[in-house]
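So the sequence lines, in the order shown, correspond to chains S and A.
Under our numbering, the first residue of the first sequence carries the number 1, and numbering increases by one thereafter.
Under our numbering, the first residue of the second sequence carries the number 234, and numbering increases by one thereafter.
In this text, a Cβ means the ideal position worked out from N, Cα and C, and glycines have one as well.
Since the structure comes first, as structure tokens, the remarks are kept for the end.
Protein chains: 2
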Amino acid sequence: MKLRARDEISAEEEAAIRSSLLPRAAVPADTTIIRPGEELRHSTLLLDGIACRYKDMRDGQRQITELHVAGDFLDLHSFTLKRLDHFVMALTPCKLALMPHTKLTEITERHPHLTRVYWFGTNVDAAVHREWEVSLGRRSALSRLAHLFCELNVRLEIVGLSDGMYYDLPLTQAEVADCLGITPVHCNRVMQELRERKLLEWKGGRLSILNRDELARVGEFDPAYLYLEKRRR
Amino acid sequence: MKLRARDEISAEEEAAIRSSLLPRAAVPADTTIIRPGEELRHSTLLLDGIACRYKDMRDGQRQITELHVAGDFLDLHSFTLKRLDHFVMALTPCKLALMPHTKLTEITERHPHLTRVYWFGTNVDAAVHREWEVSLGRRSALSRLAHLFCELNVRLEIVGLSDGMYYDLPLTQAEVADCLGITPVHCNRVMQELRERKLLEWKGGRLSILNRDELARVGEFDPAYLYLEKRRR
DNA sequence: CGATAGCTTGAGTAGATTCAAACAGAGTGG
DNA sequence: CCACTCTGTTTGAATCTACTCAAGCTATCG
Chain S
1 MKLRARDEIS
11 AEEEAAIRSS
21 LLPRAAVPAD
31 TTIIRPGEEL
41 RHSTLLLDGI
51 ACRYKDMRDG
61 QRQITELHVA
71 GDFLDLHSFT
81 LKRLDHFVMA
91 LTPCKLALMP
101 HTKLTEITER
111 HPHLTRVYWF
121 GTNVDAAVHR
131 EWEVSLGRRS
141 ALSRLAHLFC
151 ELNVRLEIVG
161 LSDGMYYDLP
171 LTQAEVADCL
181 GITPVHCNRV
191 MQELRERKLL
201 EWKGGRLSIL
211 NRDELARVGE
221 FDPAYLYLEK
231 RRR
Chain A
234 MKLRARDEIS
244 AEEEAAIRSS
254 LLPRAAVPAD
264 TTIIRPGEEL
274 RHSTLLLDGI
284 ACRYKDMRDG
294 QRQITELHVA
304 GDFLDLHSFT
314 LKRLDHFVMA
324 LTPCKLALMP
334 HTKLTEITER
344 HPHLTRVYWF
354 GTNVDAAVHR
364 EWEVSLGRRS
374 ALSRLAHLFC
384 ELNVRLEIVG
394 LSDGMYYDLP
404 LTQAEVADCL
414 GITPVHCNRV
424 MQELRERKLL
434 EWKGGRLSIL
444 NRDELARVGE
454 FDPAYLYLEK
464 RRR
């Protein structure tokens, strides 16, 4: 569903993907899925739940560099990198599937178009990283928070997990703070501001957007970096 | 030279690359090379000079998301993305070469290994973006600046443009500030601090590292994210 | 019902910004 | 050769955003 949102995938390609995937047991929340430096022989596809990439610092702080939702590969880049430079962690209970790198090698040898589709996928990941750099470097805490909620709204819409106004977001404020490069206390305060401005509600792990246009304006959100327009084959 | 630092490239693969490259006229400093949204039919290789990727904000501020040095593709990701979500600009006079996307398509069809090498290249770009997210989100201005100088030192060493202690860095403090997500004024002040601590000198566009270990300590610099170890074929 | 995780509030502080002005060096023209 | 301009660097003072540390609150769960 995620691939077909942006590309034409033939039945043969779909079969190649399906036959390459191995089921993997579900993991509970706060499970470390991949550690930096460990040698990887497969890439992991997230079927359900929310996961993240993060890097930690000497003093115990961490920076989450990307959030993942259903349909995302957590580490398609490990196919070429072999070892990651960051952690991957389940933030909520997650369902996973594995794609062995041997199968990915076969895909690069037999399915050039599918190879480009997967390469495209890692490039969209990089585009998200760039947009987060802009948030972290130049946007106010309020704007960063608004931007994050807008991004998740669009990404969840693609896979049918948001209707554009409501979606499940069972994260803590501390986890969101780790995405935004701020402290949990400050995250709480800017969250209150978004609430007071009647832009959204967030309780019980469920986010309700009350004013989508104004939220996008506050977050300076332009979804172009998510590359949603369908590409020609 | 850059590819061979991390991979084994056969003579046949080298020939395929060389025959795909087209020369392009040199551009002066401050030239916009690629604008967001424009349709691209080739990727640009930087042969000499310093360039950057940046995104601009409504209020005129900008965030540089990556610096590029000789040997880097400025937009290898445009092969799969077709349009970029950011600007690419020459910060110093730059020499460029072009690789048509048609040639890259041929490579994905005829040279699976070389395809993985190029895919790897875009994944290292993403790793740099992640490390910058950590700098922007969690490191102090002093630490960010030290980290940037360490990163450039290593990346320039790979292509023979740094001996590990000295390298040319003909940028302005304002440009560096745009990398670090701070103001030029603050960049100037933390620059003074690095100088007072006798970690480095930077004048006349030339950087001299006086205490590499301490600089790396201040910047919490670990080059693992640059993936320098040579990979097996 | 107490324990716990997560959220909220307050007061004081630190890091970075803003705005303004001064300074240094390189290049230019009279 | 000197004055002039321009770009980039440096300095100072006031301000603001976000941080720190601490405590109190609230909902959930066993």
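Check the C-beta distance from residue i over to residue j and give it rounded, since I have them as a contact under 8 Å.
| i | j | result |
| --- | --- | --- |
| S/HIS186 | S/PRO100 | The pair is not a contact, with the Cβ atoms about 43 Å apart (cut-off 8 Å). |
| A/LEU255 | A/ALA303 | 18 Å between Cβ atoms; not a contact. |
| S/GLU66 | S/VAL128 | 6 Å |
| S/CYS52 | S/ILE34 | Rounded, the Cβ-Cβ distance is 11 Å, inconsistent with contact. |
| A/TYR287 | A/PHE320 | 5 Å |
| S/GLN61 | A/ARG371 | 5 Å |
| S/GLU133 | A/GLU366 | 6 Å |
Apart from the five residues on each side of it in sequence, which residues of its chain come closer than 7 Å, Cβ to Cβ, to residue i?
| i | result |
| --- | --- |
| A/THR325 | ALA262, GLY282, ILE283 and PRO403 |
| A/LYS328 | ALA259, LEU280, ASP281 and GLY282 |
| S/ASP72 | LEU46 |
| A/GLU390 | GLY397 |
| A/THR355 | LEU309 and HIS310 |
What is the rounded straight-line gap between the Cα of residue i and the Cα of residue j?
| i | j | result |
| --- | --- | --- |
| S/GLY37 | A/ARG237 | 22 Å |
| S/ALA177 | S/PRO223 | 22 Å |
| S/HIS184 | A/SER252 | For clarity, residue 184 of chain S is Pro in the given sequence; the question names His instead. If I take the Cα positions, the gap works out to 54 Å. |
| A/ARG316 | A/ASN444 | 42 Å |
| A/ALA449 | A/SER395 | 16 Å |
| A/ASP240 | A/ARG464 | 6 Å |
| S/MET89 | A/GLY452 | 25 Å |
| A/ASP318 | S/TYR225 | 5 Å |
| S/LEU76 | A/GLN425 | 42 Å |
| S/LEU194 | S/ARG155 | 21 Å |
| S/THR32 | A/GLU272 | 40 Å |
| S/ILE17 | S/VAL190 | 43 Å |
| A/LYS436 | A/THR277 | 30 Å |
| A/THR405 | A/ILE415 | 14 Å |
| A/GLU384 | A/PHE454 | 8 Å |
| S/ASP59 | A/ASP446 | 19 Å |
| A/GLU339 | S/ARG24 | 36 Å |
| S/LEU81 | S/PHE120 | 16 Å |
| A/GLU429 | A/ALA359 | 34 Å |
Near residue i, which residues of its chain fall below 6 Å by C-beta distance, leaving aside the five closest residues on each side in sequence?
| i | result |
| --- | --- |
| S/VAL124 | TYR227 |
| A/LEU467 | With chain A covering 234 to 466 only, the question about residue 467 of chain A has no answer from this structure. |
| S/HIS68 | LEU46, ALA51 and LEU74 |
| S/ALA234 | Residue 234 of chain S lies beyond the range of chain S shown here (1 to 233); nothing can be said about it. |
| S/ILE9 | LEU3 |
| A/ASP289 | ARG295 |
| A/MET234 | VAL392 |
| A/THR335 | none |
Sorted by chain position, which residues of the same chain lie with C-beta nearer than 8 Å to residue i's C-beta, five sequence neighbours on each side aside?
| i | result |
| --- | --- |
| S/LEU180 | SER135, LEU136, ALA141, ARG144, LEU145, LEU148 and CYS187 |
| S/ILE209 | PHE149, ASN153, GLY164, MET165, TYR166, LEU199, LEU200 and LEU215 |
| S/ASP168 | LEU161, GLY205, ARG206 and LEU207 |
| S/GLU235 | Residue 235 of chain S lies beyond the stretch modelled for chain S, which goes from 1 to 233, so this question has no answer here. |
Exercise. Hey, is the region 105-120 of chain S in contact with the region 5-16 of chain S, meaning 3+ C-beta pairs nearer than 8 Å?
Worked result: yes
Exercise. Residue ranges of each alpha helix (DSSP H) run of no fewer than 4 residues wholly in the region 260-343 of chain A, ordered along the chain?
Worked result: 311-314 and 334-343
Problem set entry | Those runs of the alpha helix (DSSP H) which lie wholly inside the region 107-183 of chain S and span at least 4 residues | 112-138, 141-158 and 173-180
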